[in-house]
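Residue numbers (this note's numbering): 3 to 248. Think of the CB as a built atom: it goes at the ideal place given N, C-alpha and C, for glycine as much as any other residue. The structure displayed is predicted, hence computed values, not measured ones.
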Amino acid sequence: MRLYDEIINDILTDLSGQDVVKLPVGDAADPISRDWQDAGKAMMILQADMAYELGGHNLPAVGNTLVTTETELVGEDEIILIGKDLPQITEDTPYARIALVRVAEDSIGTGDKLYNTIQNIGYFRYHIYPKGFMLRVSSSNDRESVRVAADALEDGLNFTAIGNAMQKALHRHKEVEAVKIIFITDPGADYVGLQEGLKKTKQITATIDHMLKDVNMDCGSCGLQEICDEVEGLREMHFGMSEEHT
């Protein structure tokens, strides 16, 4: 499955020239970060209780999850940080969270199964509640900001804890083989490019959904023809769906 690989390649190429810190994963992490408390449900962090907001005050706030089957793109579990870690941040700052998720080729299927797998993996962010880390997702505005509680920072909250929690949540999906989490807080990062990547990701997923609803559509008159022409694998998928329904 190569649907999102071009976007992933663009992200990794852009990040290759930046100062990158690899954070510890799993048993390599300190006990506090490795087993950071999950609140068990959505929590409310009021302004009076927060230290700052990642992506606050209309600063960039990008959250994107991309699925691939390529080991070359996602070889193993990793957590990468570009910019300051949570304890070093003192005010609202731009923010991006990118999850690159490798799934087993033979587990994702086609058609409805493929679409549902992609969607369910992307929904992981709605089922993770790290204490002191309140996600604020606006799908309509394509924003994923985070309120960070002051007392959680005092207790040791950092991106190692959040990254490990996200990886655990994603590995609950049986299709997932490896997860690369990328956190970006560097004010000089290319958030516009990351936002464009998110836009294209959503277009690809919407195109799959459109194909499932109307597999016999006329490509020449379809408003999604441009994205279908651009993305390797989409047109083949469409033809495959059409053959299944004939």
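>> Whole angstroms are fine: how far does the CA of Gly158 sit from the CA of Tyr97?
In response: 20 Å
> Which residue from Gly199, Asn160, Asp37, Thr207 puts its Cα closest to that of Glu8?
Replying inline: From the listed residues Gly199, Asn160, Asp37, Thr207, the smallest Cα separation to Glu8 is found for Gly199.
>> Is the separation between the beta-carbon of Tyr117 and that of Ile10 shorter than 7 Å?
In response: No, the pair does not count as a contact, with Cβ atoms beyond the cut-off.
> Applying the criterion that 16 or more other CB atoms from any shown protein chain within 10 Å of the CB defines a buried residue, is Pro189 buried or exposed?
Replying inline: exposed
> Just checking my contact of Leu102 with Leu68 at CB under 8 Å: how many whole Å lie between their CB atoms?
Replying inline: 6 Å
> Relative to the alpha-carbon of Asp32, which residue among Tyr193, Ala163, His173, Leu172 has its alpha-carbon at the smallest distance?
Replying inline: Closest in alpha carbon position to Asp32, among Tyr193, Ala163, His173, Leu172, is Ala163.
> From what residue to what residue does the beta strand (DSSP E) around Val178 run?
Replying inline: Segment 178–186, the beta strand (DSSP E) holding Val178.
> With a CB to CB cut of under 7 Å and the five nearest residues on each side skipped, what residues in its chain are close to Met45?
Replying inline: Tyr131, Met136
> CB-CB under 6 Å to Gln20, same chain, minus the five flanking residues each way: which ones, in chain order?
Replying inline: Ile84
> So, is Ser141 buried or exposed, given that buried needs 16 or more other C-beta atoms within 10 angstroms?
Replying inline: exposed
> Secondary structure at Glu107, three-state DSSP: helix, strand or coil?
Replying inline: helix
> Roughly how many whole angstroms lie between the Cα atoms of Thr207 and Leu214?
Replying inline: Answer to the nearest angstrom: the Cα atoms are 11 Å apart.
>> Quick check: Val27 and Ile81, are their CB atoms within less than 7 Å of each other?
In response: yes
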